[in-house]
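Student: In our numbering, the protein residues as written are -7 to 452.
Right, dumping it as structure tokens:
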């Protein structure tokens, strides 16, 4: 299987969405470092008479700062170790494709939404903690006029003005309530179907076990009031999310709240409805892939035999989906390779055409030069033949003149002289015939060469 490109990995693993959540979490620190809203310090006015009034500290803010039962470091460990361990156990028991990636993204999104709303509320509300005077080291040696700020610890004063909302409560419910939703989804306890509605002992046990993380979150929240760090109204703000928890998981239709709201919104963003048997506990991308390959991959998890079948079906689904994605990547690479090869072929073809044109010009020049030389030779031979013909004409003229002279002499000669002249003329005729035959042979050879030169010119 070919390796994915960097961009394909970023998209497949939803890295950009995770980075967005991390950036939002980083923005929380910018909000925390912003100016804190400083509301006037509350007081209790006690009128002694018509002219004298004394001011006392607000009793609701005058409690002693207690030792934290759940320090921030321990709380963070519980918030994130619990979801990761629960998810790892479920994935080891029954693997679901894309679940690890989407669960981590859901946890990050829930944390981002929760921390953003929580810290925004803290710096804008500026509500006093129940142990505000103790935290800010209030100066009790001075008679208070009800207006002056007698805090001697600026850092403690700033911390004492961040009571609403409870960060421990919102953080606990944004992660641990998410675990409850995850458990309900993977076990399909809230899903309606012919098999899921056949409740039994195991289903009841699983239902209450799924609520354990929520109980832990509630305990962490209550300790904040026991330690005099928060009012109960700061903590119980998460109860506003009860209605949301019953409606949002069906497809997020109502309500908003810190903690529960963050966990529900993050869960709905990445997972199917808890009340739909086919989508409960399944990542939305896995549902989409199942729909594409048309595989009925939802079985009753209460039946051990069906679990095995579901695991096999998920394995086949992963193979089919990966094969489909691999085919798409191969097609894209083949298309790119074909485009590159076509470009290279076109370049080679252009170079070949240029070379062919150069060779054609060279051949034409060579043929023209050779043809010119042949024509020059043919003209030279024709001139020689013309000279030969002129010589033959001159010889014939001489022969005619000789014959005329001989005819004239024959008329004047005697018999003996005639015989002598006849023999002499016979010898001259024989020489003339030999010269004529030689001239005709040379003329025939010259004509043959001329015709051959003309045929070569036509071929060229």
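C-beta atoms are modelled at their ideal positions from N, C-alpha and C, and glycine is treated no differently.
Since residue 118 and residue 153 should fall inside the 8 Å C-beta cutoff, what is the C-beta to C-beta distance between them, to a whole number of angstroms?
Tutor: Their Cβ separation, rounded to whole angstroms, is 5 Å, which keeps residue 118 and residue 153 in contact under 8 Å.
Student: Threshold first: 4 residues or longer. Then list the alpha helix (DSSP H) segments lying entirely within the segment 128 to 199, N to C.
Tutor: Taking only runs of at least 4 residues, the alpha helix (DSSP H) segments lying wholly in the segment 128 to 199 are 146 to 152, 159 to 179.
Student: Pull up the CB-CB distance for residue 306 and residue 88, whole angstroms please, since I reckon it's below 8 Å.
Tutor: Right, their Cβ atoms sit about 7 Å apart.
Student: For residue 222, which of helix, strand or coil comes out of DSSP?
Tutor: Of the three classes helix, strand and coil, the one that applies to residue 222 here is coil, per DSSP.
Student: Quick check on the burial criterion: 16 or more other C-beta atoms within 10 angstroms. Buried or exposed for residue 440?
Tutor: Exposed, by the Cβ-count rule.
Student: Taking only the alpha-carbon atoms, compute the straight-line gap between residue 397 and residue 437 and give it to the nearest angstrom.
Tutor: Distance between the alpha carbons of residue 397 and residue 437: 34 Å.
Student: Going by DSSP in three states, residue 14 sits in which element: helix, strand or coil?
Tutor: Here residue 14 sits in helix by DSSP.
Student: Three or more beta-carbon pairs under 8 Å between the segment 60 to 69 and the segment 133 to 147, yes or no?
Tutor: Because the criterion of three Cβ pairs below 8 Å is not met, the segment 60 to 69 and the segment 133 to 147 do not touch.
Student: Within 10 angstroms of its Cβ, does residue -2 collect 16 or more other Cβ (buried), or is it exposed?
Tutor: So residue -2 ends up on the exposed side.
Student: Can you tell me whether residue 208 is helix, strand or coil according to DSSP?
Tutor: It is helical.
Student: Three or more C-beta pairs under 8 Å: does that hold for the segment 91 to 100 against the segment 320 to 331?
Tutor: Taking 8 Å as the limit for Cβ pairs, the verdict is that the segment 320 to 331 does not touch the segment 91 to 100.
Student: Three or more beta-carbon pairs under 8 Å between the segment 333 to 349 and the segment 381 to 388, yes or no?
Tutor: These segments do not touch.
Student: Measure from the alpha carbon of residue 162 to the alpha carbon of each residue in 139, 103, 195, then state which is nearest.
Tutor: When each option's Cα is compared against that of residue 162, the closest is 103.
Student: Check this for me: beta carbons of residue 169 and residue 215, under 7 Å apart or not?
Tutor: Contact flag unset, no.
Student: So residue 212 packs on residue 67, CB below 8 Å; how close in whole Å?
Tutor: The pair is a contact, with the Cβ atoms about 6 Å apart (cut-off 8 Å).
Student: Which residue wins for smallest C-alpha separation from residue 203, given the options 313, 145, 174?
Tutor: Comparing Cα positions, the closest option is 174.
Student: Please report how far the alpha carbon of residue 416 lies from the alpha carbon of residue 427, in whole angstroms.
Tutor: Roughly 17 Å between the two C-alpha positions.
Student: Could you round the C-beta distance between residue 106 and residue 166 to whole angstroms and report it? I think they count as a contact, below 8 Å.
Tutor: About 4 Å separates the two Cβ atoms, so the contact holds.
Student: Apart from the five residues just before and just after residue 40, which ones in its own chain have a Cβ nearer than 7 Å to its Cβ?
Tutor: So the list reads 46, once near-sequence residues are dropped.
Student: Quick check: the Cα distance between residue 49 and residue 139, rounded to an integer number of angstroms?
Tutor: Roughly 11 Å between the two C-alpha positions.
Student: Is residue 39 helix, strand or coil by DSSP?
Tutor: Here residue 39 sits in strand by DSSP.
Student: Between 176, 226, 124, which lies nearest to residue 459 when the distance is taken from Cα to Cα?
Tutor: Given that the chain is displayed from residue -7 to residue 452, the structure contains no residue 459 and the question cannot be resolved.
Student: When you compare the CB of residue 400 with every CB in chain D, is at least one pair closer than 7 Å?
Tutor: Going by chain labels, chain D is absent from the structure shown, which holds only one protein chain.
Student: Roughly how many angstroms separate the alpha carbons of residue 435 and residue 348, rounded to a whole number?
Tutor: Rounded to whole angstroms, residue 435 to residue 348 spans 44 Å at the Cα level.
Student: Indicate the three-state DSSP secondary structure (helix, strand or coil) for residue 29 in the structure shown.
Tutor: If DSSP states are grouped into helix, strand and coil, residue 29 belongs with coil.
Student: Taking the straight line between their C-alpha atoms, what separation do you get for residue 108 and residue 196?
Tutor: The straight-line gap from Cα to Cα measures roughly 36 Å.
Student: What does the Cβ neighbour count give for residue 400, buried or exposed, with the cut at 16 atoms within 10 Å?
Tutor: It is exposed - the Cβ of residue 400 has fewer than 16 other Cβ atoms within 10 Å.
Student: Is it true that the CB of residue 111 sits closer than 7 Å to the CB of residue 20?
Tutor: Cβ distance < 7 Å, so residue 20 and residue 111 count as in contact.
Student: With C-beta atoms as the reference, is residue 226 less than 7 Å away from residue 155?
Tutor: Yes.
Student: Going by beta carbon distance, what residues of the same chain come within less than 6 Å of residue 480, once the five residues before and after it are set aside?
Tutor: No information on residue 480 is available, as it lies outside the stretch -7 to 452 that the chain covers here.
Student: Less than 7 Å separating the beta-carbons of residue 200 and residue 181?
Tutor: No, these two residues do not count as a Cβ contact at 7 Å.
Student: Within 10 Å of its beta-carbon, does residue 325 have 16 or more other beta-carbons around it, so buried, or fewer, so exposed?
Tutor: With fewer than 16 other Cβ atoms within 10 Å, it is exposed.
Student: Once DSSP output is grouped into helix, strand and coil, what is the label at residue 45?
Tutor: Correct three-state label for residue 45: strand.
Student: Can you find the residues in the same chain that come closer than 6 Å, C-beta to C-beta, to residue 126, ignoring five residues on each side of it along the sequence?
Tutor: Taken in chain order, the residues that qualify are 56, 57.
Student: CA-CA distance, residue 231 and residue 23?
Tutor: At residue 231 the pLDDT is 48, less than 50, meaning the model places this residue with poor confidence; the figure from the coordinates comes in the next sentence. Between residue 231 and residue 23, the C-alpha separation is close to 25 Å.
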